[in-house]
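> Okay, here's the structure, questions in a sec.
Encoded structure:
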């Protein structure tokens, strides 16, 4: 049975800057993080307080709590889609980490159902030599991303499609800019809009 319940997450929408045409994130990921000492293996432990959206995303990505997918998609629909011009496709950012169920793809399909837009996986990503999270400089991230994203020319019919590029987290913007550059080589794509759940 389809659940039509609506969730009302608290958000603090932020406009994003990048080589895309327009973009927004729902809220900051972590609000406060303090050290709480080391565990039995000597690993530093943290107490982290996240935004409501950030906590839901954390539970989805790292605890496989799939019931967060629809509330997060509904929050994107309610708070970001009204800020964007019309688009015809939802394109999920390809994942850097292999998971049984990719959160961004699941979110894209949930949002597609809500917004009555198709999902098209136009991008895939090869495994890089260095994880982006281990790199601090934007120039190093740009270099690490070079050549990793591949475009799949899957859009049928004539061109002129505006798209929504969907991701979970905006950090430096390097990944979204790299994706935008690759997507701009596709003659059927015009405007590129971005929606992310959180920013760091």
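Numbering (my numbering), first residue to last: 56 to 255. Beta carbons: idealized from backbone N, C-alpha and C, even for Gly.
1. Please tell me whether residue 234 and residue 193 are closer than 7 Å, where the distance is taken between their beta carbons.
2. Compute the Euclidean distance between the alpha carbons of residue 83 and residue 117, then round it to the nearest angstrom.
3. May I ask you to verify whether the stretch 206–213 touches the stretch 127–137, counting CB pairs closer than 8 Å and requiring at least 3?
4. Can residue 139 and residue 252 be called in contact, C-beta distance under 7 Å?
5. Let me know if residue 96 comes out buried or exposed under the rule of 16 or more other beta-carbons within 10 Å of its beta-carbon.
6. Please state whether DSSP places residue 239 in a helix, a strand or coil.
7. Under three-state DSSP, which class holds residue 164?
8. Spatial neighbours of residue 67 within its chain, please: C-beta separation below 6 Å, excluding the five flanking residues on both sides.
9. Which value, in whole angstroms, describes the spacing of the CA atoms of residue 143 and residue 160?
10. I'd like the ranges of any beta strand (DSSP E) spanning at least 3 consecutive residues and lying wholly in the stretch 89–176.
With the structure as the only source:
1. no
2. 18 Å
3. no
4. Contact: no.
5. exposed
6. Of the three classes helix, strand and coil, the one that applies to residue 239 here is coil, per DSSP.
7. helix
8. 82
9. Rounded to the nearest angstrom, the two C-alpha atoms are 17 Å apart.
10. The stretch 89–176 contains, as complete beta strand (DSSP E) runs of 3+ residues, the segments 99–105, 144–147 (chain order).
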